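Here's the structure we're looking at; comments come further down.
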Amino acid sequence: MRKITKICCIGAGYVGGPTMSVIAKQCPDIQVTVVDINEVRIAQWNDSNLDNLPIYEPGLAEIVGATRGKNLFFSTEVDKAIDEAQMIFISVNTPTKTYGKGKGQAADLKFIELCARNIARVAKDNKIVVEKSTLPVRTASAIKSILENTGNGVDFEILSNPEFLAEGTAIEDLLNADRVLIGGDETPSGKEAKNILSAIYEKWIPKDRILQTNVWSSELSKLVANAFLAQRVSSINSISALCEKTDANIAEVSRAIGYDSRIGSKFLNSSVGFGGSCFQKDILNLVYIARSYGLQEVADYWEQVIIMNDYQKKRFANTIVSSLYNTVSGKKIIFYGWAFKKDTNDTRESAAIYVADALLDERAEITVYDPKVTEEQIYADLDYLNTRSPEDNRRLLKVTNDPTLATQDAHAIAILTEWDEFKTYDWSLIYENMLKPAFIFDGRRLLNKGELTQIGFKYYKIGES
Ligand SMILES: NC(=O)c1ccc[n+]([C@@H]2O[C@H](COP(=O)([O-])OP(=O)(O)OC[C@H]3O[C@@H](n4cnc5c(N)ncnc54)[C@H](O)[C@@H]3O)[C@@H](O)[C@H]2O)c1
Ligand SMILES: O=c1ccn([C@@H]2O[C@H](COP(=O)(O)OP(=O)(O)O[C@H]3O[C@H](CO)[C@@H](O)[C@H](O)[C@H]3O)[C@@H](O)[C@H]2O)c(=O)[nH]1
Numbered sequence: 001m002r003k004i005t006k007i008c009c010i011g012a013g014y015v016g017g018p019t020m021s022v023i024a025k026q027c028p029d030i031q032v033t034v035v036d037i038n039e040v041r042i043a044q045w046n047d048s049n050l051d052n053l054p055i056y057e058p059g060l061a062e063i064v065g066a067t068r069g070k071n072l073f074f075s076t077e078v079d080k081a082i083d084e085a086q087m088i089f090i091s092v093n094t095p096t097k098t099y100g101k102g103k104g105q106a107a108d109l110k111f112i113e114l115c116a117r118n119i120a121r122v123a124k125d126n127k128i129v130v131e132k133s134t135l136p137v138r139t140a141s142a143i144k145s146i147l148e149n150t151g152n153g154v155d156f157e158i159l160s161n162p163e164f165l166a167e168g169t170a171i172e173d174l175l176n177a178d179r180v181l182i183g184g185d186e187t188p189s190g191k192e193a194k195n196i197l198s199a200i201y202e203k204w205i206p207k208d209r210i211l212q213t214n215v216w217s218s219e220l221s222k223l224v225a226n227a228f229l230a231q232r233v234s235s236i237n238s239i240s241a242l243c244e245k246t247d248a249n250i251a252e253v254s255r256a257i258g259y260d261s262r263i264g265s266k267f268l269n270s271s272v273g274f275g276g277s278c279f280q281k282d283i284l285n286l287v288y289i290a291r292s293y294g295l296q297e298v299a300d301y302w303e304q305v306i307i308m309n310d311y312q313k314k315r316f317a318n319t320i321v322s323s324l325y326n327t328v329s330g331k332k333i334i335f336y337g338w339a340f341k342k343d344t345n346d347t348r349e350s351a352a353i354y355v356a357d358a359l360l361d362e363r364a365e366i367t368v369y370d371p372k373v374t375e376e377q378i379y380a381d382l383d384y385l386n387t388r389s390p391e392d393n394r395r396l397l398k399v400t401n402d403p404t405l406a407t408q409d410a411h412a413i414a415i416l417t418e419w420d421e422f423k424t425y426d427w428s429l430i431y432e433n434m435l436k437p438a439f440i441f442d443g444r445r446l447l448n449k450g451e452l453t454q455i456g457f458k459y460y461k462i463g464e465s
């Protein structure tokens with residue numbers, strides 16, 4: 001079996017960066033080069049101050065600090081890294097298409113195609129190409145066709161190796177993965193390529209957790225895993241609305257059903273709605289694929305997961321407006337949290353963006369505090385929606401780095417991300433700062449209802465009456 005000594009990863013994002021850092025840490029005999037066309041991002045990965053890495057993930061800076069410059073390199077020299085590597089991971093973004101056929105649903109594969117063409121142009125010896133990005137089922141055949149028809153006559157083996165890490169726990173998930181999935185051709189060379197990639201993971205993942213499948217099962221399993229996870233969140237969120245009408249308590253319902261080992265207790269936390277770059281994008285992609293094969297009922301079934309998630313975000317915003325006497329115009333509302341979940345600076349598809357947009361439509365004045373998200377990012381997220389002018393967004397929404405001071409004369413606080421530090425705040429002092437009645441809308445079920453109502457707050461917790 002061929003031994004891999006040089007790996008290249010195209011795409012230094014939330015997946016490429018952490019994944020390759022962990023491979024470099026666990027395989028000191030392999031030289032790992034992560035390349036990107038984004039010069040700023042690469043400069044951040046190479047910053048001598050590890051606090052300035054482009055991605056915040058617990059444990060990541062330590063690993064980068066220990067491996068960078070030894071067997072982990074970040075570079076913009078894409079062609080050189082492709083040329084030198086025996087194995088090339090493609091880890092570029094695959095966003096939902098915003099134009100043309102499949103607009104709003106299909107995955108935009110233009111970055112993937114550019115990578116394939118780049119590899120074909122540069123490669124002078126045989127390579128294993130690994131799809132790390134999340135891709136629609138049957139994408140490998142498109143990559144293969146480009147490589148075979150435009151390449152320099154060298155052999156390419158294409159593997160699908162989707163990534164299952166969750167942000168905020170990326171390093172832990174990579175070091176201790178539930179499973180590693182490797183899809184490839186059933187030919188002798190395909191099987192050999194799967195074994196070569198498996199040997200890398202076997203350095204730290206038990207072999208019985210490394211699953212080999214055909215390439216199509218692997219591509220589809222990634223979309224299906226995300227669809228199932230998101231479906232659990234939408235299912236429990238749908239029941240949270242019913243709990244609020246019936247005096248049932250969503251935490252008690254989640255616990256009661258989660259004790260059934262067939263259901264399981266994980267991923268049953270009711271919230272203001274799921275966010276992140278993956279769930280919505282991957283379900284829309286699944287819906288698009290099902291529809292393109294004429295499977296209307298299958299498509300409608302999965303689309304409902306997104307519809308329910310949109311409903312939950314709107315429902316939360318509506319609860320704020322109706323509780324504040326049906327008008328939030330000119331009222332100061334504090335947002336605690338903007339990231340789509342705790343322990344990440346990622347805001348892609350965060351529920352906070354959509355709740356803010358709905359409240360700004362009602363002319364609320366919002367002040368946002370998030371421990372890891374920059375002011376620039378918050379405005380970029382809002383501007384991207386194009387609901388109002390950038391000037392209006394900056395006039396109506398402010399960003400603060402003092403979460404307590406910001407509550408002076410506020411009517412309400414809305415909790416949008418479950419950052420642990422929110423639990424440690426001096427809530428009595430915050431209460432003193434605020435106008436009365438002082439409201440808290442807890443979209444993450446983070447705080448203690450008894451303590452807050454004792455202080456005097458009017459406290460709403462999603463999924464409780
Ligand atoms: N974010 C996650 O938690 C996660 C988890 C599992 C899977 N995924 C999947 O992994 C893929 C990457 O996601 P991400 O969150 O890392 O994206 P990202 O946007 O953070 O990073 C992608 C990077 O690829 C670079 N890039 C794009 N085209 C390029 C090219 N032709 N040459 C060199 N660099 C190029 C971009 O500049 C960017 O830095 C997606 O398909 C996503 O669905 C993401
Ligand atoms: O019980 C729950 C669990 C999650 N969420 C929300 O769901 C979203 C997604 O959370 P999570 O799945 O933990 O983070 P991601 O980083 O989006 O990870 C998902 O998407 C990745 C990208 O494809 C996959 O690799 C991971 O396996 C998959 O968990 C976040 O807004 C969470 O707050 C809830 O509201 N309730």
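Residue numbers (our numbering): 1 to 465. C-beta atoms are modelled at their ideal positions from N, C-alpha and C, and glycine is treated no differently. Quick caveat: nothing in here was measured; it's all calculated off a predicted structure.
- Closest option to residue 316, judged by alpha-carbon separation, among 416, 104, 127: 416.
- Residue 226 and residue 283 have their C-alpha atoms roughly 7 Å apart.
- Taking the Cβ of residue 13 as the reference point, at least one heavy atom of ligand 1 falls within a distance shorter than 6 Å.
- Uninterrupted alpha helix (DSSP H) stretches at least 4 residues long and entirely within the segment 311-345 do not occur.
- One Cα belongs to residue 432, the other to residue 234, and the distance between them is close to 36 Å.
- Within its own chain, the residues whose Cβ lies closer than 6 Å to the Cβ of residue 265, once the five positions on either side in sequence are excluded, are 258, listed in chain order.
- Contact check for residue 167 and residue 13: beta-carbon distance about 11 Å, past the 8 Å limit, so the pair fails to qualify.
- Distance from residue 135 to residue 177 at the Cβ level is roughly 19 Å; contact not present, criterion being Cβ atoms closer than 8 Å.
- Checking the 6 Å criterion, the Cβ of residue 41 is within range of a heavy atom belonging to ligand 1.
- Per DSSP, reduced to three states, the secondary structure at residue 79 is helical.
- Within the segment 198-247, the complete alpha helix (DSSP H) runs of at least 4 residues fall at 215-246.
- Going by beta carbons, residue 184 and residue 220 fall outside the 7 Å limit.
- A distance of 7 Å or more separates the beta carbons of residue 443 and residue 253.
- In this structure, 418 is the residue among 260, 309, 269, 418 with its C-alpha nearest to the C-alpha of residue 338.
- Residue pairing for residue 148: DSSP places it in no beta bridge.
- Of all alpha-carbon atoms in 120, 441, 370, 251, the one lying nearest the alpha-carbon of residue 323 is that of 441.
- The segment 303-312 makes no contact with the segment 382-397: fewer than 3 CB pairs, one atom from each, lie closer than 8 Å.
- Residue 120 sits buried, since 16 or more C-beta atoms from the chains shown fall within 10 Å of its C-beta.
- The nearest non-hydrogen atom of ligand 2 is 6 Å or more from the C-beta of residue 422.
- In the displayed model, residue 87 falls within a strand according to three-state DSSP.
- If you ignore the 5 residues before and after residue 59, its C-beta comes within less than 6 Å of the C-beta of 171, all in its own chain and listed in chain order.
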